[in-house]
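Note that the sequence shown covers residues 988 to 1167 in this note's numbering.
In what follows, a single structure is set out as structure tokens and then discussed.
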Amino acid sequence: SFIKNLFPNLNIEIENPFEYKTKGEVVSLLKNEQSPFIKETVSCAHIGRWFKDSPQCGMCIPCIIRRVSLISNDIQDDRPTSEKGIEAFKINFDNPTIKDIQFLSRESKMFYRDGVVNLLEIINLARMIRDYPSKKLIIKYPELSIPKIYEMYKKFSLEVIKTVNYFKNENPSLNKILVI
């Protein structure tokens, strides 16, 4: 291992019990002991750089994965996203209009576009893992040839699908994106 090569005289072993766990599985392991603190977690890639009024932009991939991990564990996160951001699962995919983004600043409109792309990519990956045979997936994503990684991605895809289903009542436009 890298550490043993770097420090050959030290007898060090590093274990990562979360290596093949989804963020949702980690939340599940911690939710009984740490329930009040889970909602206070921050995953946002933009915190401090763009959004100082809230710990979450709601549109970056870490924010989307955080939302998936909470909703898939039936944990409601009632903290608002930044007023410059938007909750990705609430984006109108039917007929987005200027009304949907008029309240956003210029830089936030760029993040809105990125939020749409980020959410679509995550949902599309979940759909592909759910629907495609593993051999076809491995051609596109060679890392999925490792059984533990494939199983982790399968679990993540179920978490994403559960989250999309959760938001479908509030945002019916999600029905067109992930046909269950």
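Backbone N, C-alpha and C fix where the C-beta goes; we use that ideal spot for every residue, glycine too.
- Judged by their CB atoms, N1060 and S1030 are not nearer to each other than the 8 Å cut-off.
- Under the Cβ criterion (8 Å, minimum of three pairs), the region 1131-1145 does not count as touching the region 1100-1108.
- Between the region 1142-1150 and the region 1048-1055 there are three or more C-beta pairs closer than 8 Å, enough to call the two in contact.
- Look at A1113 here: in three-state DSSP terms it is helix.
- For N1156 and F1080, the gap between their C-alpha atoms comes out near 14 Å.
- Cα atoms of L1161 and V1151: separation of roughly 7 Å, rounded to the nearest angstrom.
- Look at P1159 here: in three-state DSSP terms it is helix.
- Boundaries of the alpha helix (DSSP H) harbouring F989: F989 to L993, taken from the DSSP string.
- Judged by DSSP in its simplified three-state form, M1139 adopts helix.
- Distance between N1003 and C1044, taken at the CA atoms: about 29 Å.
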